[in-house]
Each structure stands twice: as structure tokens, then as C-alpha cells.
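Down below is the structure, laid out as C-alpha cells.
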Amino acid sequence: MLPTLSQSGDYIFIDKLASKKKYRKGKIVIAKPQKLFFPNYESKNNYKVCKRIVGEPGDIIIVPFIMDDFLNGNLVPEGHVWLQGDNIYDSVDSRDYGPVPIKDIDGIVRFKVVQY
């Protein structure tokens, strides 16, 4: 999530009680990793990813540099969101593994505390 979150480790506060209706475009969320891109998925119970929601159910997402997307795009199905990291050139996200089920989101990042 560079540059939004620091590599040196910002403290973030996560709202785990947020209604699923609050999972909207622009919100930063904590989610479970998607099986396809994380080896030994089952052994990483506590591993989470931090990404921004860029697509909601019903949205068509076009990913630059992928020719098929210019023709069809990616439809975000009901019950899913499209997640992307802020550092688009170095992020494993929905561009790699597709839409993420809303049930896999653990909470919304409400704010961060910057270390001095």
C-alpha cells in the first residue's frame, strides 16, 4: 500500500464491526489472502492483505496493459469487490486473482498513526 502506508510500519486502526454496506470504492480494507497467489495458504491463518476497494458489485473494471480487458473488462459479481494496492507497479491484487468475496474482508482501515 505504498505510498499510503509506510514501509517502516504505520499503526492502523481497523473497524471490524463495519457494516458490509460501508465497503465502498476508495476504502482501504484488510482481507484474507486469495488462495491462488499465496503458497501454503492453509498455514497462513493470520496473514492478511491491505488493499483499496476500486470496484463494487456490478462495476466493469478495465485493467491497463491487458488486451482482453480492452474488449470485455472484468465484471465484479454480486457479493464481491475489486481490490488493488496503491503501488500499482508492485502489488499482487485483484488484477492477478480477480474479484474478492466480501466475506473475506475483515474490516475497514479507519485511520493510521504516523511514527515520528
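The C-terminal position of the sequence shown is numbered 116 in UniProt numbering, with every residue numbered one higher than the one before it.
Note that the Cβ used here is the ideal one computed from N, Cα and C, for glycine as well.
What three-state label does DSSP hand residue i in the structure shown?
i       : result
Ile-62  : coil
Arg-24  : coil
Lys-103 : helix
Lys-35  : helix
Asp-90  : coil
Tyr-47  : coil
Whose C-beta lies closer than 6 angstroms to the C-beta of residue i among residues of the same chain, with five residues either side of it excluded?
i      : result
Asp-59 : Val-76
Lys-20 : Ile-102
Lys-32 : Asp-104
Considering Cα atoms alone, identify which of the options is closest to residue i.
i       : options                          : result
Ile-61  : Phe-13, Asp-106, Lys-103, Lys-25 : Lys-25
Ile-102 : Gly-55, Tyr-47, Asn-46           : Gly-55
Lys-27  : Asn-46, Gly-107, Ile-53          : Ile-53
How many Å lie between residue i and residue j at the Cα?
i       : j       : result
Trp-82  : Asp-10  : 24 angstroms
Cys-50  : Gly-85  : 8 angstroms
Glu-78  : Val-113 : 34 angstroms
Phe-111 : Ser-94  : 23 angstroms
Gly-107 : Val-29  : 6 angstroms
Cutting at 7 angstroms between CB atoms, please list the residues of its own chain near residue i, excluding the five before and the five after it.
i      : result
Gln-34 : Tyr-97, Val-100
Gly-73 : Ile-60, Ile-61, Ile-62
His-80 : Pro-57, Pro-99, Val-100, Pro-101, Ile-102
> Does the stretch 85-98 come close enough to the stretch 13-23 to have 3 or more Cβ pairs within less than 8 angstroms?
Replying inline: The stretch 85-98 vs the stretch 13-23: no contact.
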